[in-house]
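Read the structure below first, then the notes.
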Amino acid sequence: MPELPEVESVRRGVHEWTAGATITRAEVIDPRILGTTSQRRIAVGAEETFSRSLAGLRIVSAERRGKFMWLTLGESDPALSLLVHLGMSGQFRVQTAADEMHKHTRAIFHLERELGSDFTGSGSAGVGDAGRGPERFEMRFVDQRIFGHLGVQPLAWSHGRFVPASTTHIAADPLEPAFDFEAVVDRLTAKNTALKSALLDQSLVSGIGNIYADEALFRAGVHPLANPSRTRRSRLASVLESAILVMHDALQVGGTSFDSLYVNVNGESGYFDRALLAYGRGGQECVRCSTEIVRITVGGRGTHFCPNCQKSPRYR
DNA sequence: CCATGTCCCTGCAAGC
DNA sequence: TGCTTGCAGGGACATG
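In this note's numbering, the protein residues as written are 6 to 321.
What follows is the structure, encoded as structure tokens:
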């Protein structure tokens, strides 16, 4: 499940491969990828509109806020972006036309890049031919569960920068200059819901998903059901700080599963060998105190915690 | 406005 | 063995 560190790893890979490249053709294999996550009804002609609006545009850069990623596009007025959300299982793969098509390929971006252009990539080994002329390759969007989403969006101002218009409600993430730690803690203190649910609220702070929420609460030693409005401000700050630290740690090792054919994102292996202390460890011993890690459901999400290290709040 | 519940989708595991 | 059922997850939307 890609959260901030994973999406950032993907963004870096996508940027290296595609910045400066031109989209010669955008091919939609499964139009459901163009719908929003809940509304799967696709407007008539959405595929054609999507493809037509991208054809011929140059990719300037890959950017990210929270779990949302987008490519800023040149030669368009107003400035457009290709919005990408990986959902649960979205992946980008850089391949050539000759490469075998993955079963869950939902869209293909045919790209072209002048050899010797100023792309900053880690190399084009294995992609394109060895001769002259533009280098041609494909960036394929693969998504097993179709919780991911692609869309063409104008850019709009939100929380200190331009972002795709449909994401203006998403808060700044902790890696952004606009992120205001104290302001987020202030807003957190007003929340009257499970602390874990508040951590997952992308309009409060973006980028934290189910895994890192559990890890942050474990690291800070705070119960997932604690009510923020009844919790000491210093404890809330500690949890938020832990979330930032654990995501930072994960990002440090997030770029592991790179090779010439992958733009990171190896849904199978890459995500799961992180040093997780709570998430997915239900029934196992706590690494700190050997108490059995408990699994409960909070806001419909699987939640893992140590009942000894993360004491139940007294008001419950 | 705020909090909670439901749905989207697929593959896998468990149960009959 | 082969079917059905339930679960996992992020975010939009509907409801309370």
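Quick reminder that beta carbons are idealized off the backbone N, C-alpha and C, glycines included.
In angstroms, rounded to a whole number, what distance separates the CA positions of residue i and residue j?
i    : j    : result
L85  : P169 : 8 Å
G25  : V99  : 15 Å
S234 : V49  : 46 Å
V19  : G95  : 13 Å
C311 : P318 : 13 Å
M252 : R300 : 22 Å
P325 : P83  : Outside the shown range of the chain (6 to 321) lies residue 325, about which nothing can therefore be said.
A195 : G40  : 34 Å
G287 : L59  : 46 Å
I28  : A67  : 14 Å
P182 : E105 : 41 Å
I113 : S163 : 29 Å
M6   : E119 : 35 Å
P36  : Y320 : 49 Å
R69  : S295 : 38 Å
N197 : F152 : 29 Å
Y284 : D219 : 6 Å
R293 : A280 : 14 Å
F223 : A199 : 15 Å
E13  : R306 : 23 Å
N215 : V89  : 20 Å
W22  : G61  : 17 Å
I298 : R192 : 30 Å
S208 : H115 : 34 Å
F184 : A51  : 35 Å
H107 : F97  : 11 Å
Cα-Cα, which of the options is closest to residue i?
i    : options                : result
L205 : I213, R69, D82         : I213
V157 : Q149, M144, R145, T172 : T172
L87  : L120, H154, A199, E297 : H154
V189 : A242, P318, T23        : A242
G71  : Y217, R150, V299       : Y217
I249 : P179, N197, M93        : P179
F73  : E53, R111, I151, G92   : G92
A231 : M6, S202, S56          : S202
Q315 : V227, L256, E105       : V227
C291 : G305, H309, M6, E117   : H309
R30  : P10, R145, G138        : R145
E53  : I64, V33, I38          : V33
Q149 : R118, R111, L9         : R111
G138 : E117, F152, I151       : E117
V65  : R192, R16, R57, R224   : R16
L78  : A102, F167, E140       : F167
A225 : H90, N313, K108, L76   : N313
E8   : G61, H115, D254, E140  : D254
H109 : S81, V258, R141, I38   : I38
F142 : H174, T101, H107, G165 : T101
What is the DSSP secondary structure of residue i, counted as helix, strand or coil?
i    : result
L39  : helix
T172 : helix
A31  : strand
S247 : helix
M74  : strand
S56  : helix
D104 : coil
L85  : strand
Q158 : strand
G18  : helix
L281 : coil
R69  : strand
T236 : coil
L241 : helix
H309 : strand
E297 : strand
M144 : strand
Q257 : helix
A51  : helix
E290 : strand
E13  : helix
P7   : coil
S265 : For S265, the predicted model reports a pLDDT of 36, less than 50, meaning its position is unreliable; a value from the coordinates is still stated below. Three-state result, S265: coil.
Just checking my contact of residue i with residue j at CB under 8 Å: how many whole Å lie between their CB atoms?
i    : j    : result
A176 : V210 : 5 Å
V239 : A221 : At residue 239 the sequence reads Ser, which differs from the Val that was named. Actually they do not touch by this definition, with Cβ atoms about 15 Å apart.
V303 : P229 : 5 Å
E80  : R57  : Not quite, the Cβ-Cβ distance comes to about 14 Å (not below 8 Å), so this is no contact.
P10  : L256 : 4 Å
Cβ of residue i within 8 Å of any heavy atom in the ligand ZN?
i    : result
T236 : By its list of ligands, the structure shown contains no ligand whatsoever, and the ligand ZN lies outside what it can speak to.
Please list the segments of the beta strand (DSSP E) lying wholly inside the segment 179 to 234, counting only runs of 3 or more residues, in order along the chain.
None, since the segment 179 to 234 contains no complete beta strand (DSSP E) of that length.
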